[in-house]
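Everything below concerns the one structure shown next.
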């Protein structure tokens, strides 16, 4: 018997198990112990964007809701590059309604520094419900935010959403964000599922 096919099959099976284990550990909501500090970071992220973009606060209040991703980190080990991050989803009045996760192997955003943060604004209740049902499709342009980015005011909606991105350090360039790569879970469901 040829041992090479067995070795290849065993290697592929091991890789598939490792990938499933890695992806399974990336839950949509942070653990209960981390939620308070995460919400603090999310609110600080929102403050960063509202201080940097004139008119954004009013845009958030007139939206159907928004999601703040305070830290999106590169995970690029298994799939040759990509982004993973968690976010908190808020109603226009700032009340948290859920959690979100982004897992996108080709987000298309360029970071010239260490990590990035993002805020997604939902134009209508219909678009927010699509996000909550995990049925969004298409893409939206990411509007770069930062000291030298040239953002002078709020952006226009694309496919019912606006995406603002900013680098933690360094400069940020815009790009395209695949809307199908986001997952949502309500606060209530997260409290019962993720202990």
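In this note's numbering, the protein residues as written are 1 to 195. Positions of the beta carbon are idealized from the N, C-alpha and C atoms, including for glycine.
Sequence-distant Cβ neighbours of residue 124 in its own chain, meaning closer than 7 Å and more than five residues away, are 64, 160. The C-alpha of residue 40 lies about 15 Å from the C-alpha of residue 31. The bridge partners DSSP lists for residue 132 come to none. In summary, residue 62 is exposed, with fewer than 16 beta-carbon neighbours lying within 10 Å of its beta-carbon over all protein chains present. Put simply, the backbone Cα of residue 38 is about 26 Å away from that of residue 155. If you draw a straight line from the Cα of residue 164 to the Cα of residue 120, it is about 6 Å long. Within the same chain, 67, 68, 69, 100 come within 6 Å of residue 87 by CB-CB distance, once the 5 residues on both sides are set aside. The secondary-structure analysis by DSSP pairs residue 96 across a beta bridge with 90.
If you look at residue 186, you'll find it in the beta strand (DSSP E) that goes 182-186.
For residue 37, the three-state secondary structure derived from DSSP is helix. Within a 10 Å sphere around the beta-carbon of residue 51 sit fewer than 16 other beta-carbons, which makes this residue exposed. In the three-state reduction of the DSSP assignment, residue 45 falls in the helix class, which pools H, G and I.
Where residue 159 is concerned, there is no enclosing alpha helix (DSSP H), because DSSP gives it neither an H nor an E. Beyond the five residues adjoining it in sequence on each side, residue 46 comes within less than 6 Å, by CB distance, of 68 in the same chain, given in chain order. 95 is the residue among 177, 95, 183 whose C-alpha sits nearest the C-alpha of residue 60. Considering only 185, 181, 153, 193, the residue with the shortest C-alpha distance to residue 54 is 153.
Rounded to the nearest angstrom, the gap between the Cα atoms of residue 97 and residue 126 is 16 Å.
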